[in-house]
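Below: one structure, written as structure tokens.
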Amino acid sequence: MCGIIGYLSNEDKDIVPILIAGLKRLEYRGYDSCGIVVCNSKSETLIEKSTARVKKLEEKAKNHPFPANMGIGHTRWATHGLVTEKNAHPHCDCKREIFLVHNGIIENYKTIKEKLKKKGHNFISETDTEALAHLIEHFFKDNLEDAVKKALKLVKGTYGLAVISSRDPKKIVIAKNASPLVFSINDGGEVLVASDATSILNFSRKVIFLEDKEIAVLTSKGFKVFDMESDRLKTKEFQELDWTIEKAEKSGYSHFMLKEICEEPEAIRNSIRGRIIAEDGLAKLGGLEKVQDKLREIEKLFLVSCGTASYAAEVGKYMLEEYAGISTETDIASEFRYRKPILTKKTAFLAVSQSGETADTLAALNEAKRKGILTLGIVNVVGSSVARQTDAGIYNHVGPENAVASTKAFLSQLSIMVLLTVFLGRQRDMSLVMGKRILGELEKIPDLMKEILKESEKIKEIAVKYSRYRNFIFLGRKYNAPIAKEGALKLKEIAYFIHAEGYPAGEMKHGPIALADKNFPFFFIAPSDSVYEKTISNMEEIKARNAPIIAIATKGNEEIKNIADDVIYIPKTLEMLTPMLTSLPLHLFAYYAGVKLNCDVDRPRNLAKSVTVE
Ligand code: G6P
Numbered sequence: 001m002c003g004i005i006g007y008l009s010n011e012d013k014d015i016v017p018i019l020i021a022g023l024k025r026l027e028y029r030g031y032d033s034c035g036i037v038v039c040n041s042k043s044e045t046l047i048e049k050s051t052a053r054v055k056k057l058e059e060k061a062k063n064h065p066f067p068a069n070m071g072i073g074h075t076r077w078a079t080h081g082l083v084t085e086k087n088a089h090p091h092c093d094c095k096r097e098i099f100l101v102h103n104g105i106i107e108n109y110k111t112i113k114e115k116l117k118k119k120g121h122n123f124i125s126e127t128d129t130e131a132l133a134h135l136i137e138h139f140f141k142d143n144l145e146d147a148v149k150k151a152l153k154l155v156k157g158t159y160g161l162a163v164i165s166s167r168d169p170k171k172i173v174i175a176k177n178a179s180p181l182v183f184s185i186n187d188g189g190e191v192l193v194a195s196d197a198t199s200i201l202n203f204s205r206k207v208i209f210l211e212d213k214e215i216a217v218l219t220s221k222g223f224k225v226f227d228m229e230s231d232r233l234k235t236k237e238f239q240e241l242d243w244t245i246e247k248a249e250k251s252g253y254s255h256f257m258l259k260e261i262c263e264e265p266e267a268i269r270n271s272i273r274g275r276i277i278a279e280d281g282l283a284k285l286g287g288l289e290k291v292q293d294k295l296r297e298i299e300k301l302f303l304v305s306c307g308t309a310s311y312a313a314e315v316g317k318y319m320l321e322e323y324a325g326i327s328t329e330t331d332i333a334s335e336f337r338y339r340k341p342i343l344t345k346k347t348a349f350l351a352v353s354q355s356g357e358t359a360d361t362l363a364a365l366n367e368a369k370r371k372g373i374l375t376l377g378i379v380n381v382v383g384s385s386v387a388r389q390t391d392a393g394i395y396n397h398v399g400p401e402n403a404v405a406s407t408k409a410f411l412s413q414l415s416i417m418v419l420l421t422v423f424l425g426r427q428r429d430m431s432l433v434m435g436k437r438i439l440g441e442l443e444k445i446p447d448l449m450k451e452i453l454k455e456s457e458k459i460k461e462i463a464v465k466y467s468r469y470r471n472f473i474f475l476g477r478k479y480n481a482p483i484a485k486e487g488a489l490k491l492k493e494i495a496y497f498i499h500a501e502g503y504p505a506g507e508m509k510h511g512p513i514a515l516a517d518k519n520f521p522f523f524f525i526a527p528s529d530s531v532y533e534k535t536i537s538n539m540e541e542i543k544a545r546n547a548p549i550i551a552i553a554t555k556g557n558e559e560i561k562n563i564a565d566d567v568i569y570i571p572k573t574l575e576m577l578t579p580m581l582t583s584l585p586l587h588l589f590a591y592y593a594g595v596k597l598n599c600d601v602d603r604p605r606n607l608a609k610s611v612t613v614e
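The sequence shown: position 126 = 126 (the working numbering), numbered continuously.
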């Protein structure tokens, strides 16, 4: 995930080491390129960028000693445009007088860019951020903060922003909307800004966190914070942080996995942001636009992936067949690459991969390319191999996942499957009303997930209670059959002393039921959907054999308590969207069971985040 650092003092000195130290603290978040700009009291500037590690940037900067009194720096995790020095931040205006670093996404950057190009602005990068630098230039008259305020009024999207200008030196202007920013000023008049408390703790523990829609002007003499909408000055107090660096890296959570599970609602928001045209019931997937005519002709889709991503693909199959009317096959990449699938010109291949580097997924993709069919990707890592090698695709936009087991990226994959279903469905027979309904309900999902997160303590209690068992079967039907497999996979990955398998509930009678006894718990995913009654019958059969039962059910379903020993409730939503609500408690269950068993939940034994060998 991108990171921001900014520093200001009241005299020229070697400030590069300060910026570099701040960037190094942000490295744990993951990044692909980095850069800094510094400005001295004569309004001269120096910019350095690198597509390698911060260490390389440090070496480059050492070759050009440049005393300065202010500077900003950035670690970039690409979202718009490939990993190149031109796309790395800081970005600047035409005259190289305004510099900015930005976390987040400017959704309407294309419109802004086109308008500014017509006015003669010269763009050098492919990023959304550069549009903002030029927009600030466009408004610049007397001072930097006024120009930033005017520019941000026209911006749709999210940002954590730090801006400096040689035209209005000795100040850093920062602004926030949905992307964190924190700053501190010490008695010596030094200012430090960062997107992450990890970079500030060594400087000071007295900090101010900016709130959404706030803009601040920071100088050696002090700070002013304004509300962006009313332009009113706000009173802000410093708060004392008692976090260790390690705790700050995890934003106060005990593990990355828990942090990333708690970020699942936000992951969905980030994945669907700017991609819904509510009034037309349409999904806007910019990455598919160039192949949309070909997609209209497609009669069959192959969704190919590995691990957790393969379960998102399986859920996608149910959605695409039921709502887009497209025949869909899913396959594990390591199988697809060695079989002889029937691929006609009306077939498209879709790789689903968080990392975009999984060896089997890449090999399957190459096989599909060799057969000359349209290839697509759903990928989180921008510029990764899958992203580069497919004809078109959709990015997840959820930032890096640190924990080995995929959680927030999985939820994002599910939400993109919904968008894809509406995109393809509306090209076919899906009605405006249906498109609107699905997208309207999808937009509510993050808030519904937050309701489930409030039940974390209860889920923890259940996980701790059941962590003494050594075997589990997870069962679910239709949309939740793949989620049963995901629940089992997570449990055996994270709480690796427990063996677990996931099955479509109807298959239970063809084997797993033989295992049912008082020492073998069954975990049922049973929302109130079109197959609820069937799932309940399976549950009764297990109950009759004295096996302990945990169930996930829809709020208001009291009767299920007569069968299940423990129930986790989820709010009501459309059947096709229930997997997003049922997988969250399963992720928490695996996490808490793993912690109880003293497992290394972030780095489980024998597993790798990205499996780049066959
Ligand atoms: C590994 C990871 C899983 C992931 C799978 C597929 O097994 O531990 O969390 O689901 O690879 O990775 P991909 O990057 O292709 O989604």
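Even glycine gets a Cβ: it sits at the ideal position worked out from N, Cα and C.
Following the continuous alpha helix (DSSP H) through Ile438, name the residue where it begins and the one where it ends.
If you look at Ile438, you'll find it in the alpha helix (DSSP H) that goes 432-453.
Let me know the secondary structure DSSP gives Ser327 once reduced to three states.
DSSP places Ser327 in the strand class (E or B) of the three-state scheme.
Under the criterion of a Cβ to heavy atom distance below 8 Å, does Ser355 qualify as lining the ligand G6P?
Checking the Cβ of Ser355 against the ligand G6P gives yes.
Nearest residue (CA-CA) to Arg477, options Glu461, Pro579, Asn562:
Answer by Cα proximity: Pro579.
Looking at C-alpha atoms only, which residue of Phe238, Gly3, Ala409 is the closest neighbour of Asp33?
The question names Asp, but residue 33 in the sequence shown is Ser. Among Phe238, Gly3, Ala409, the Cα nearest to that of Ser33 is on Gly3.
Straight-line CA distance for Lys369 to Arg388?
Distance between the alpha carbons of Lys369 and Arg388 is about 13 Å.
Within the same chain, show all residues whose beta-carbon is closer than 7 Å to that of Asp517, passing over the 5 residues directly before and after it, in chain order.
Contacts found: Arg545, Asn546, Ala547.
Would you please state the rounded distance, in angstroms, between the beta carbons of Lys284 and Ser467? I believe it to be under 8 Å.
Going by Cβ atoms, the distance from Lys284 to Ser467 rounds to 44 Å, so no, they are not a contact pair.
Please find out if some non-hydrogen atom of the ligand G6P comes closer than 8 Å to the beta-carbon of Gly594.
Flag unset: Cβ of Gly594 not near the ligand G6P.
To the nearest whole angstrom, what separates the beta carbons of Trp77 and Pro521, a pair I think is in contact under 8 Å?
The beta-carbon separation of Trp77 and Pro521, rounded to 40 Å, does not stay under the 8 Å limit for a contact.
Tell me the residue span of the alpha helix (DSSP H) that contains Pro504.
For Pro504, no alpha helix (DSSP H) encloses it; the enclosing beta strand (DSSP E) starts and ends at 499-504.
Name the DSSP beta bridge partners of Ala348, please?
DSSP lists Leu301, Leu374 as partners of Ala348.
Measuring only from the beta carbon, is Cys306 closer than 8 Å to any heavy atom that is part of the ligand G6P?
Here the distance from the Cβ of Cys306 to the nearest heavy atom of the ligand G6P is below 8 Å.
Have a look at Asn122 and Lys95 and give me their C-alpha separation to the nearest angstrom.
Asn122 and Lys95: Cα-Cα distance of roughly 10 Å.
Quick check: is any heavy atom of the ligand G6P less than 8 Å from the C-beta of Ala309?
Yes - the ligand G6P has a heavy atom lying nearer than 8 Å to the Cβ of Ala309.
Range of the contiguous beta strand (DSSP E) that encloses Cys39
Residue range 33-39 is occupied by the beta strand (DSSP E) that includes Cys39.
C-beta contact flag for Glu114 and Ala175 at 9 Å
When the beta-carbon positions are compared, Glu114 and Ala175 stay at least 9 Å from each other.
Glu493 beta carbon near the ligand G6P (any heavy atom closer than 8 Å):
Yes - the ligand G6P has a heavy atom lying nearer than 8 Å to the Cβ of Glu493.
Beta-carbon spacing of Ala178, Ile72 below 9 Å
Contact: no.
Counting only C-beta atoms, is Ala463 closer than 9 Å to chain D at any point?
The structure shown contains no chain D, having only a single protein chain.
Cβ pair Leu419, Leu442 closer than 9 Å
Going by C-beta atoms, Leu419 is nearer than 9 Å to Leu442.
Once you ignore the five residues that flank Ala593 on each side, which residues in its own chain have a CB closer than 6 Å to its CB?
Sequence-distant Cβ neighbours of Ala593 in its own chain, meaning closer than 6 Å and more than five residues away, are Ala463, Ser467, Ala495.
Taking Cβ to Cβ, would you say His138 is nearer than 9 Å to Lys156?
No, Cβ-Cβ distance for His138 and Lys156 is not below 9 Å.
Supposed close pair Ala500, Phe524 - CB separation, criterion 8 Å
Not quite, the Cβ-Cβ distance comes to about 14 Å (not below 8 Å), so this is no contact.
Using a threshold of 8 Å, is the CB atom of Lys609 nearer than that to any non-hydrogen atom of the ligand G6P?
Yes - the ligand G6P has a heavy atom lying nearer than 8 Å to the Cβ of Lys609.
Kindly examine the ligand G6P and report whether one of its heavy atoms sits closer than 8 Å to the Cβ of Ser406.
Within the cutoff, so yes.
Nonlocal neighbours in the same chain, by C-beta distance under 6 Å from Gly274, ignoring five residues either side:
Here the set comprises Glu107.
Supposed close pair His89, Thr129 - CB separation, criterion 8 Å
Separation of the CB atoms of His89 and Thr129 is rounded to 6 Å, and the pair is thereby assigned contact status at 8 Å.
Distance, Asp14 Cα to Ala68 Cα
Taking C-alpha positions only, Ala68 is separated from Asp14 by approximately 6 Å.
Taking the straight line between their C-alpha atoms, what separation do you get for His134 and Leu100?
Cα to Cα, the separation comes out at about 10 Å.
Cys262 in three-state terms, based on DSSP:
Helix, per DSSP.
Give a yes or no on whether the C-beta atoms belonging to Arg25 and Ile245 are separated by under 9 Å.
Judged by beta-carbon spacing, Ile245 lies within the 9 Å limit of Arg25, meaning their Cβ atoms are closer than that value.
Where Ala608 and Ser310 are concerned, what is the direct C-alpha to C-alpha distance, given to the nearest angstrom?
Using only the alpha carbons, I get a separation of about 16 Å.
Report the residue from Ala488, Lys42, Ala348 whose alpha carbon sits nearest the alpha carbon of Ser327.
If you compare the alpha carbons of Ala488, Lys42, Ala348 with that of Ser327, the shortest gap goes to Ala348.
Can you check the segment 209-260 for any beta strand (DSSP E) of at least 3 residues that lies completely inside it and give the ranges in chain order?
Qualifying beta strand (DSSP E) stretches, in chain order: 214-219, 222-227.
What separation, rounded to the nearest whole angstrom, lies between the Cα atoms of Ile105 and Gly81?
Approximately 12 Å, taken between the alpha carbons.
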